[in-house]
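Enquirer: Before I ask anything, let me first share the structure, which is written out below as structure tokens.
Here is the structure:
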């Protein structure tokens, strides 16, 4: 019973995430790749992505706080984040990265800081939803295991 | 008939026997510094049924490939990587090994794609890779194995109409009026019957003049700091491309390392003489009868040391024994040749022209000593020949994977790598995936000892890239000594090869592979030795 409720909750969460544009079809592909041989694939990739993103944000903060900003480096990091977010299906984050790169062209520090904040915000929003999703999944799996 | 193969012998055509399961089990190496993308790619490839070796480290990938290029059927490389530019890795693989390479990038614009193809990639994909596309990448392996041994890669033999033509002394490049005649673009039939994705380009013939210009540029810039782009700029030769210079630079460096600078004195002396005569920075005068780079298309008996007149076999028009003022140098090594010396007959111009070709399976370096002053007598040839003997021995030794005496022994791989460079994760489609969280599978996947020790912890944080020296060394050794890939410890030739790579300006000492000070002394001493050349 509880498992059904959980599954419904999960389903509606996923729907809302897709609708908001937090996730796109790429994430669906990730989910389809998860099977018996890789039961934790999605979780692993999501964890990887989050760690990677946070590492990149840390580096970016350092760079942006320097008196002279190395925009090339910033570009490289954002490029990386764009790549990983597109691999995961983190659509809004990816779009925010694309916007960021546009503002980089102006070499405007303030503009970059604003754009960076947008990226961070999108990422944090996604992360909290993903955490909820993973928790739900784990609980569902636990229930299923109990049954079997 | 046996045909010459461009590039080093590592690029010998591999005869593939596809097993009945193919493409299942096809061995793919994936290289991407971004862990998320790499992981995703790896899973997709595994789902396609391929055997996957995945690494974040291009240096490591290159090393693995160099050690055992037969262990991999295809390589997928990310274009943007911090440690090594994807194009650099691509070029190295393309020039040294006969493995199809697919480039992967976020960008899908025409310019990026064209650049990749020009650098020798056989395909291009936009990230994130799609399963439907990856399911079909095996076609490149089949295609490559189907093309005949005459495959001549544009990068190794890239040429322009510079040295070609109809006898006019123009070297103006593509817009030469006679270009349309097709001589400049004429390729030997051995290439033209390709079904390959080769673009039919005319090829650069590295004449002694052109080489002299090249060497001057290199010496001005400084061999250690020399990069193809800068050299190209310094040379100022119209129509020459960066990849021509890159491939020539690689061969030059290798030859320098192997044979010493003295070897080139002969060339440079004559080339200098020739060049001073010529002085035009276009570098090359047209060769009346040449339509292609010097290429032996069948093995020549090893009596080349005599002064007997040997024709260059296999030329479509070689019966003319062209009275060329320039002949190609740095020409193509043959797949099964020993060093040989050839002498061309006297020309109607009255000057004796000598072509020297030192070609070897592994080390392309042919020296051309033509030019009006190149009247080398037998005496010189003999002393030269004794140098060739040494080279022959060297080649024979290295081809047996022995340590050449001239190269100091280097630490084996086991003691080397630690921080900063691990093998990433290595999986095999046939074994269960070493997936993090797949605790029960740990025991069945011995190769990935590194990962197995960290499976339950911090997989995504890149923790395994930060292993300390002691644990890292063992893990790496274990990881490398995999069932699938009989990777010999890094020593001898392969490391020496790496030394060449290390002298590239973009790779500073210590940022190489292993980023480990512990292993530094022997290796770095050796590297410094090469870099100081």
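Protein chains in written order, with the working numbering: chain F, 1187 to 1334; chain G, 731 to 1263.
Just so it is clear, CB atoms sit at the ideal spot from N, CA and C, and this is done for glycine as well.
Using a Cβ-Cβ distance cut-off of 8 angstroms, determine whether residue 1273 of chain F contacts chain G.
Expert: It does; some Cβ of chain G falls within 8 angstroms.
Enquirer: For residue 1192 of chain F, does the count of other Cβ atoms within 10 angstroms reach 16, so buried, or fall short, so exposed?
Expert: Buried is the call here.
Enquirer: Following the continuous alpha helix (DSSP H) through residue 1229 of chain F, name the residue where it begins and the one where it ends.
Expert: Residues 1227-1251.
Enquirer: Going by DSSP in three states, residue 1326 of chain F sits in which element: helix, strand or coil?
Expert: It is helical.
Enquirer: Using a Cβ cut-off of 8 angstroms, pull out every chain F residue sitting near residue 866 of chain G, in sequence order please.
Expert: Ordered by position in chain F, no residue passes the 8 angstroms Cβ test against residue 866 of chain G, which lies about 17 angstroms from the chain.
Enquirer: If contacts are defined as beta-carbon pairs under 8 angstroms, then residue 766 of chain G and residue 781 of chain G qualify, I think. What distance do you get, rounded to the angstrom?
Expert: At roughly 22 angstroms, the Cβ-Cβ gap does not stay under 8 angstroms, so residue 766 of chain G and residue 781 of chain G are not in contact.
Enquirer: Below 8 angstroms, can you find three or more Cβ-Cβ pairs linking the region 772-781 of chain G to the region 1205-1225 of chain F?
Expert: A contact exists between the region 772-781 of chain G and the region 1205-1225 of chain F.
Enquirer: Less than 8 angstroms between CB atoms is the rule here; does residue 719 of chain G satisfy it with respect to chain F?
Expert: Nothing about residue 719 of chain G can be reported from this structure: the residues present for chain G run from 731 to 1263 only.
Enquirer: Which value, in whole angstroms, describes the spacing of the CA atoms of residue 1285 of chain F and residue 786 of chain G?
Expert: For residue 1285 of chain F and residue 786 of chain G, the distance between alpha carbons rounds to 27 angstroms.
Enquirer: For residue 827 of chain G, count the other beta carbons within 10 Å of its own beta carbon; 16 or more makes it buried, fewer makes it exposed. Which is it?
Expert: Residue 827 of chain G is buried by the Cβ-count criterion.
Enquirer: Checking 8 angstroms against the spacing of the C-beta atoms, do residue 1241 of chain F and residue 1261 of chain F come in under that value?
Expert: No, the pair does not count as a contact, with Cβ atoms beyond the cut-off.
Enquirer: According to DSSP, simplified to helix, strand and coil, what is residue 761 of chain G?
Expert: Three-state DSSP puts residue 761 of chain G in a strand.
Enquirer: From F:1302, F:1282 and F:1317, pick the residue whose C-alpha is nearest to that of residue 1236 of chain F; which is it?
Expert: For residue 1236 of chain F, the nearest C-alpha among the options comes from F:1317.
Enquirer: Would you verify that the beta carbon of residue 1257 of chain F is, or is not, closer than 8 angstroms to some beta carbon of chain G?
Expert: No, residue 1257 of chain F lies away from the interface with chain G (no Cβ there is under 8 angstroms from its Cβ).
Enquirer: The beta strand (DSSP E) spanning residue 785 of chain G covers which residue range?
Expert: Run containing residue 785 of chain G: 781-785, per the beta strand (DSSP E) assignment.
Enquirer: Do three or more CB pairs link the region 843-855 of chain G to the region 817-835 of chain G at distances below 8 angstroms?
Expert: Yes: the two stretches touch, three or more of their Cβ pairs being nearer than 8 angstroms.
Enquirer: Report all residues from its chain with a CB closer than 6 angstroms to the CB of residue 975 of chain G; omit the five preceding and five following residues, and keep chain order.
Expert: Closer than 6 angstroms at the Cβ level, and outside the excluded window around residue 975 of chain G, lie 958, 961 and 962.
Enquirer: Taking Cβ-Cβ distances shorter than 9 angstroms, what residues in chain F pair up with residue 845 of chain G?
Expert: Going along chain F, no residue has its Cβ under 9 angstroms from residue 845 of chain G, so there is no contact; the nearest lies around 16 angstroms.
Enquirer: Should residue 857 of chain G be labelled buried (16 or more other beta-carbon atoms within 10 Å of its own) or exposed?
Expert: Flag for residue 857 of chain G reads buried.
Enquirer: Taking only the alpha-carbon atoms, compute the straight-line gap between residue 807 of chain G and residue 1263 of chain F and give it to the nearest angstrom.
Expert: Cα to Cα, residue 807 of chain G sits roughly 18 angstroms from residue 1263 of chain F.
Enquirer: For residue 756 of chain G, which three-state DSSP category applies?
Expert: Coil.
Enquirer: Over the uninterrupted alpha helix (DSSP H) stretch that includes residue 809 of chain G, give me the two end residues.
Expert: Premise fails: residue 809 of chain G is in no alpha helix (DSSP H) and is neither H nor E.
Enquirer: Could you work out which residues of chain F lie near residue 764 of chain G, taking near to mean beta carbons separated by less than 8 angstroms?
Expert: Here the neighbours are 1238, 1266, 1269, 1270 and 1273.
Enquirer: Could you tell me the alpha carbon to alpha carbon distance between residue 1198 of chain F and residue 867 of chain G, rounded to whole angstroms?
Expert: One C-alpha to the other measures close to 37 angstroms.
Enquirer: Please state the DSSP three-state secondary structure of residue 1284 of chain F.
Expert: If DSSP states are grouped into helix, strand and coil, residue 1284 of chain F belongs with the helices.
Enquirer: Chain F beta carbons: is any one of them nearer than 8 angstroms to that of residue 810 of chain G?
Expert: Taking Cβ atoms only, chain F reaches closer than 8 angstroms to residue 810 of chain G, which makes this a yes.
Enquirer: Contact check, residue 792 of chain G vs residue 802 of chain G under 8 angstroms by CB: the rounded distance?
Expert: Their Cβ separation, rounded to whole angstroms, is 11 angstroms, which puts residue 792 of chain G and residue 802 of chain G out of contact at 8 angstroms.
Enquirer: Could one say the Cβ of residue 807 of chain G lies closer than 8 angstroms to chain F's Cβ atoms, at least one of them?
Expert: No, because no Cβ of chain F sits closer than 8 angstroms to the Cβ of residue 807 of chain G.
Enquirer: Count the other CB atoms, across all protein chains shown, that sit within 10 Å of the CB of residue 942 of chain G; report buried if there are 16 or more and exposed otherwise.
Expert: Residue 942 of chain G is buried by the Cβ-count criterion.
Enquirer: Consult DSSP for residue 827 of chain G and reduce its assignment to one of helix, strand or coil.
Expert: Residue 827 of chain G falls in the coil class under three-state DSSP.
Enquirer: Mind checking which residues open and close the alpha helix (DSSP H) that includes residue 1204 of chain F?
Expert: From DSSP, the alpha helix (DSSP H) with residue 1204 of chain F extends over 1188-1206.
Enquirer: For residue 773 of chain G, would you say it is in contact with chain F, using Cβ-to-Cβ distances shorter than 8 angstroms as the test?
Expert: Chain F contact via Cβ: present.
Enquirer: Using the rule of at least 16 other Cβ atoms within 10 Å of the residue's Cβ for burial, across every protein chain shown, is residue 840 of chain G buried or exposed?
Expert: So residue 840 of chain G ends up on the exposed side.
Enquirer: Put residue 800 of chain G into one of helix, strand or coil per three-state DSSP.
Expert: Of the three classes helix, strand and coil, the one that applies to residue 800 of chain G here is helix, per DSSP.
Enquirer: Out of F:1276, F:1329, F:1323 and F:1290, state which residue places its alpha-carbon closest to the alpha-carbon of residue 1311 of chain F.
Expert: Measuring from the Cα of residue 1311 of chain F, the nearest candidate turns out to be F:1276.
Enquirer: Can you list, in chain order, the residues of its chain whose CB lies under 7 angstroms from that of residue 1313 of chain F, leaving out five sequence neighbours each side?
Expert: Answer for residue 1313 of chain F: 1236, listed in chain order.
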